[in-house]
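To start, the structure itself, in structure tokens.
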Amino acid sequence: MAAVHRDDAYANLVLPRLLRQARLHGRDAAFATELTYGTLRLTGTLDAIIAVAADRDVARIDPPVRDALRLGAYQLLRTRVAPHAAASTTVDLVRAVAPGAIGFANAVLRRIAERDWDGWIDRLAPSADGDPVHRLALAHAHPEWIVRSFSDSLRAGGDPEETARALAADNVAPPVHLAARPGLMTAAELAEEVGGKVGRYSPYAVYLPGGAPGDVAAIHEGRAHVQDEGSQLVAAALADAPVDGPDDRWLDLCAGPGGKSGLLGALAAQRDARLTAVEVTPHRAQLVTTATRDLPVTVITADGRDVGQIEELPEQGFDRVLVDAPCTGLGSLRRRPESRWRRQPSDLAPLTRLQRELLAAGLRAVRPGGVVAYVTCSPHLVETEVGVTEACRRSGYPADLVDVRPLLPVDMPDLGGGPSVQLWPHRHGTDAMFLAMLRRGPGPS
Ligand SMILES: C[S@@+](CC[C@H](N)C(=O)[O-])C[C@H]1O[C@@H](n2cnc3c(N)ncnc32)[C@H](O)[C@@H]1O
């Protein structure tokens, strides 16, 4: 917790190492993980509760004591740990880091225990006539600007119930999704090998039932990789989009760390095509190289916006282009416990500028008649539909939106009115991936 708040570390990178160092396994490791991730997810609401119980802003509480109180509040309000056990382990923690604060911590915990979670939400945001966004934000522990963005994207202004379901889905740890690499193994074979279930929608997906993906032999041997099922679907949709004429030059313009390049590379191998994978950050380009070894993939470290100047690229343009743009990641908050509190609305402006420039570069790089898939792992309208409209308007290249719904599995519900698609954890069990597809018209306009 301290590493996350003090050093800006990522919990899902730090925690497994700490668990190994502490030699915690099995149920103890699972409980420590649930406590850490749960507390990080709910931090904003836990802090609002602690502030009332302590009668002071949490910023004025010594950070180690504040972290202990967050863990204590989480146990009291969101777990089945007996209240006396939750309070006494929290006080033990405070004794170890700040003995002078034991009395204070005891008093705060006693006050927190006077209500349950719903009771606290009613106390902090009374429902009658209150601001529904404020209440949803507290009840489901998301910043208000994210609640608004989900609600806008779901067009659920009139249906706060669906916004609530979308927010609630971020508070449930999803299973790790694996992708069986086409041509190397089937999803059924992978499911049998790992003792998991095949995915609901992607023909390549398998849900890992538990354990570390690092222990899966198929991953070590390049027959499978870790990838959210939604990511698999959008990459497969690009590969399946109808294209007239040549179809052997594919481009991934934002490739690191290489999940979609891995899947596209395996599909390209089956179809005698080649994938060029561009990534601006050298160490991420290295990850793409590792993720695509033995596949017909060329990795180039470069800025995707300079695509016209990259010598290795074919002059006549690409047949299929993926622009999986850097984004706020609001679509995968369930996989990154702390990230909802780190992201700021001010992150949007520089990211959307970059997204539009990269999509415009994608439109430059594709040949007339070829297709560009624009993907974000965010449902924020500014990063999705608004971004696509703006980039097309400014790129100077004529392009028509393709209806992507027929490119997704027929049994997939709730895909909206098209032509683009927004996936959701609460609807589809995937990350909230957005997919728009554009077909380039003839020549610059
Ligand atoms: C959303 S991630 C891509 C994920 C990847 N497609 C996958 O499936 O693993 C966006 C990537 O774009 C890279 N990026 C950012 N700016 C870029 C630029 N100007 N040109 C190329 N890549 C860029 C980031 O470093 C990051 O690796």
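For what it's worth, full-length UniProt numbering labels the leading residue of the sequence shown as 1, then goes sequentially. Beta carbons are placed, not taken as given, at the ideal position from N, Cα and C, and that holds for glycine.
Exercise for the section: Indicate, with yes or no, if ligand 1 has a heavy atom lying under 8 Å from the CB of D431. Expected result: no
Handout entry: Exposure of H25, with buried meaning 16 or more beta-carbon neighbours within 10 Å
Key = exposed
Exercise for the section: Could you give the DSSP three-state label for L251: helix, strand or coil? Expected result: In the structure shown, L251 adopts extended strand secondary structure according to DSSP, grouped into three states.
Exercise for the section: Give a single yes or no on whether P257 has its beta carbon closer than 8 Å to a heavy atom of ligand 1. Expected result: yes
Exercise for the section: Go ahead and pull the three-state DSSP assignment for A325. Expected result: coil
Practice task
State the start and end residues of the unbroken alpha helix (DSSP H) segment that holds P64.
Solution key: 63 to 78
Practice task
Alpha carbon to alpha carbon, how far is P314 from D272? Give it in angstroms, no decimals.
Solution key: Taking the straight line joining both Cα atoms gives about 16 Å.
Practice task
Using 8 Å as the cut-off, classify the Cβ of R353 as near or not near the heavy atoms of ligand 1, replying yes or no.
Solution key: no
Practice task
Spell out a yes or no on whether the stretch 201 to 219 and the stretch 277 to 296 are touching, meaning 3 or more CB-CB pairs, one atom from each, closer than 8 Å.
Solution key: no
Practice task
Mind checking which residues open and close the beta strand (DSSP E) that includes D400?
Solution key: 399 to 402
Problem - Residue from A255, L264, L251, V243 with nearest C-alpha to A235 - result: Minimum Cα distance to A235 is reached at L264.
Problem - D252: CB within 8 Å of a non-hydrogen atom of ligand 1 - result: yes
Problem - Reduced DSSP category for Q422 - H, G, I as helix; E, B as strand; rest coil - result: strand
Exercise for the section: Go ahead and label S261 buried or exposed: buried means 16 or more other beta carbons lie within 10 angstroms of its beta carbon, across all protein chains shown. Expected result: buried
Handout entry: Same chain, Cβ closer than 7 Å to V366, five either side skipped, listed in chain order
Key = G317, F318, V321, V372, R440
Practice task
Measure the C-alpha to C-alpha separation of R165 and H426 and round it to an integer number of angstroms.
Solution key: Roughly 6 Å separates the two Cα atoms.
Handout entry: CB contact flag (G369, P442, <9 Å)
Key = yes
Problem - Within 9 Å, strictly: CB atoms of L208 and L178 - result: yes
Handout entry: Ranges of the alpha helix (DSSP H) found wholly within the stretch 158 to 229, counting only runs of at least 4
Key = 160 to 169, 187 to 194, 217 to 220
Handout entry: Unbroken beta strand (DSSP E) run spanning L124, endpoints
Key = No beta strand (DSSP E) holds L124; the alpha helix (DSSP H) holding it covers 117 to 124.
Practice task
Excluding the 5 residues preceding and the 5 following D303 in the sequence, name in chain order all residues of the same chain whose CB lies nearer than 6 Å to its CB.
Solution key: V280
Exercise for the section: With hydrogens ignored, establish whether the beta-carbon of S231 is closer than 8 Å to any heavy atom of ligand 2. Expected result: As presented, the structure is devoid of ligand 2, carrying ligand 1 as its sole ligands.
Exercise for the section: Taking all protein chains shown into account, decide if S346 is buried (16 or more other Cβ within 10 angstroms of its Cβ) or exposed. Expected result: exposed
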